[in-house]
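Chains as they are written, first to last, in the working numbering: chain L, 129 to 342; chain R, 129 to 342. Every residue gets a Cβ at the ideal spot worked out from N, C-alpha and C, and that includes glycine.
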DNA sequence: GTATCAATCAATGAAATAATTGAATGATGG
DNA sequence: CCATCATTCAATTATTTCATTGATTGATAC
């Protein structure tokens, strides 16, 4: 063991974690382990790997402490490790699902309105355009959250009411929608709805609190 | 290559995503981009990379659609991509933090107090214990954010001031720290600091706005 | 136009990773 | 103890990734 000596840098540690799940076979193995613990051979056949190969991948996962083992007779049972392993995999899957969804929406005859599907806008951009007065901020969070704090000048129309209150939004300005976090589904859906109604809309990629706490 | 034929397999896609973040430099770059968009050279110097190297890492991130670009004159500004990029990074960080805490608690003579390191507390739990009066809420966000809204009864001590103002916290109560989002680093560090000072601390896993917008 | 600056591209060699093979453990049962 | 089964280890080759170098593109200013 040459490495893992002093304290590996945090970024290094995180990179190791990411590398551990950066292989389709290992993801498949983890997928199987999410359901239930299992012995090596069962995993290998399930994922379609040779026994030795599966074993090696599993050991990589074990080195990253994403799985644990338990011996029972001749067999070694693998199970998910401690900590938010599942959550991490879910986050990865969420990201992937989002991207696939995006890609799928490009293929069919989505009209021109969909050319830049969900383009974001950054904070620096925003300030420029706000000061030029050609954009309007739209806060799509529930009223209670808006009341607690919002970007100065933003209009509040909760997502659920958006369709009904479209007329409140000026037609001649671009709309920048935002919600809670750097990525919150609310604003994505809001932008989709607005574009569907023929408006020009983007979302603030960083969301509200990144705006607040520069 | 028998697999990965017609539709790029989901696992392959996810593995690509994971590979994209499986390098310490790329993680650092993303970290910088979480704060705000930035041009290439600025990013390169910030993370201590050569220009060309930074550019190449950024392009890998772009290929994975984890970042987007925008040209402004001679400069190219990178920003986080669409989708739950931030959430994914937070989940990774959360996993890493968990493991480091685990490891740290094994080395020195941590008594029984450290059995469940970095454990989070859920909202339901919280309400129960708040009403029993044996916990105290600690908001570790900057004052401005606290002023915009906070959990009723919470004390505000920004993370930077925490060490200096430890005496403001009663010794006989458990502390529940929270910050912005479900996985904001602030509360993780706060809990670590508090435990280092001998307090009993947990973090509110869901963060502030999850609290607000049930 | 030419000069200049930011960023990307292309090519190199060094290093890490992946899948396969066959040999070595480790636990069980006669 | 010997045979057997499940798993791991070790060694091989092919492939991929990484950082550096120097050349190239793209946009601006003169």
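For residue i, decide whether its Cβ has a neighbour in chain L, counting only Cβ atoms nearer than 8 Å.
i: residue 228/R; result: yes
i: residue 224/R; result: yes
i: residue 211/R; result: yes
i: residue 240/R; result: Low local confidence applies: a pLDDT of 37 at residue 240/R is under 50, so the model's placement there is unreliable, and no value is given.
i: residue 252/R; result: In this prediction, residue 252/R scores a pLDDT of 47, lower than 50, which makes its location untrustworthy; no coordinate-derived value is stated.
i: residue 141/R; result: yes
i: residue 146/R; result: yes
i: residue 184/R; result: no
i: residue 203/R; result: no
i: residue 156/R; result: yes
May I ask you to report which of helix, strand or coil DSSP gives residue i?
i: residue 264/R; result: strand
i: residue 172/R; result: helix
i: residue 178/L; result: coil
i: residue 228/L; result: helix
i: residue 215/L; result: helix
i: residue 187/L; result: helix
i: residue 269/L; result: coil
i: residue 303/L; result: strand
i: residue 329/L; result: strand
i: residue 139/R; result: helix
i: residue 290/L; result: coil
i: residue 163/L; result: helix
i: residue 194/R; result: coil
i: residue 297/R; result: coil
i: residue 237/L; result: The predicted position of residue 237/L is uncertain, since its pLDDT is 48 and thus under 50; no value can be drawn from it.
Excluding the 5 residues preceding and the 5 following residue i in the sequence, name in chain order all residues of the same chain whose CB lies nearer than 7 Å to its CB.
i: residue 284/R; result: 267, 271, 274, 278
i: residue 325/R; result: 294
i: residue 166/R; result: 160, 205, 206
i: residue 203/R; result: 167
i: residue 282/R; result: 265, 266, 267
I need the straight-line Cα distance from residue i to residue j, nearest angstrom please.
i: residue 287/L; j: residue 301/L; result: 19 Å
i: residue 231/R; j: residue 224/R; result: 11 Å
i: residue 151/R; j: residue 297/R; result: 39 Å
i: residue 341/R; j: residue 306/R; result: No answer about residue 341/R holds up, because its pLDDT of 30 lies below 50 and its placement is not dependable.
i: residue 329/L; j: residue 318/R; result: 38 Å
i: residue 169/R; j: residue 190/R; result: 16 Å
i: residue 217/R; j: residue 139/L; result: 11 Å
i: residue 290/R; j: residue 226/R; result: 21 Å
i: residue 186/R; j: residue 156/R; result: 11 Å
i: residue 292/L; j: residue 163/L; result: 43 Å
i: residue 327/R; j: residue 327/L; result: 53 Å
i: residue 269/R; j: residue 269/L; result: 20 Å
Determine whether the Cβ of residue i lies closer than 8 Å to any Cβ atom of chain R.
i: residue 279/L; result: no
i: residue 302/L; result: no
i: residue 266/L; result: no
i: residue 271/L; result: no
i: residue 188/L; result: no
i: residue 220/L; result: yes
i: residue 172/L; result: no
i: residue 309/L; result: Only weak support exists for where residue 309/L lies, its pLDDT of 49 falling under 50; the value from the coordinates is given anyway. It does; some Cβ of chain R falls within 8 Å.
i: residue 137/L; result: yes
i: residue 208/L; result: no
i: residue 149/L; result: yes
i: residue 152/L; result: yes
i: residue 215/L; result: yes
i: residue 295/L; result: no
i: residue 193/L; result: yes
Enumerate in chain order the residues of its own chain whose CB-to-CB distance from residue i is below 8 Å, with the five nearest sequence positions on each side excluded.
i: residue 194/L; result: 145, 148, 149, 158, 208, 209, 213
i: residue 172/R; result: 178, 179, 181, 182, 183
i: residue 143/R; result: none
i: residue 196/R; result: 190, 206, 207, 208, 209, 210
Tell me, to the nearest whole angstrom, how far the beta carbon of residue i is from that of residue j; I am working on the premise that it is less than 8 Å.
i: residue 188/R; j: residue 154/R; result: 7 Å
i: residue 299/L; j: residue 141/R; result: Contact doesn't hold; Cβ gap of about 39 Å is too wide.
i: residue 175/R; j: residue 160/R; result: 6 Å
i: residue 215/L; j: residue 222/R; result: 7 Å
Who are the near neighbours of residue i in its chain, counting only those whose CB is closer than 6 Å to its CB and skipping five residues on each side?
i: residue 198/R; result: 205
i: residue 264/R; result: 301, 303
i: residue 201/R; result: none
Within 7 Å: the Cβ of residue i and any heavy atom of the ligand MG?
i: residue 263/R; result: Here there are no bound small molecules, and the ligand MG is not part of this structure.
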